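Trainee:
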Amino acid sequence: MPVTITLKNIPESLYERLKESARRNHRSLNGEVIAQLDASVDTTRELSPQEKLEAVQRVRDMLRGKTYDLDLIDTFKREGRP
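By my numbering, the letter at position 17 of the sequence shown is numbered 144, and the numbering carries on one by one without gaps.
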């Protein structure tokens, strides 16, 4: 039987990101929160090809329009390497 929980003190920025994610995934906010919680605690489940594509798209969306210092990236990649 389903259980009801209440979340308190959710940061505004998290709330906005959840709303946007729900919109992108064509879910209600409640459905999105349940899907996100389920995905975060179910570490044994293999992602479907569609879920993998959606994850890649989310990363691409986060990175779109940003600029990067390639020399700094190379430095970070080499840190700690022999």
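Every residue gets a Cβ at the ideal spot worked out from N, C-alpha and C, and that includes glycine. Being a predicted model, the structure only gives us computed values, none of them experimental.
#1: Identify, in the order they occur along the chain, each residue of the same chain with its Cβ nearer than 6 Å to the Cβ of ALA149, setting aside the five sequence neighbours on each side.
#2: In terms of residues, what are the limits of the alpha helix (DSSP H) holding ARG191?
#3: Comparing C-alpha positions only, which one of ARG205, LEU174, SER140 and ILE161 sits nearest to THR131?
#4: Which of the three DSSP states, helix, strand or coil, is assigned to ASP169?
Mentor: On the basis of the data shown:
#1: Annotation for ALA149: LEU156 and GLU159 place their beta carbon closer than 6 Å to its own, counting only its chain and skipping 5 residues before and after.
#2: Going by DSSP, ARG191 is part of no alpha helix (DSSP H) at all; its letter is neither H nor E.
#3: The alpha carbon of THR131 has as its nearest neighbour, out of ARG205, LEU174, SER140 and ILE161, the alpha carbon of ILE161.
#4: In the structure shown, ASP169 falls within a coil segment according to DSSP collapsed to helix, strand and coil.
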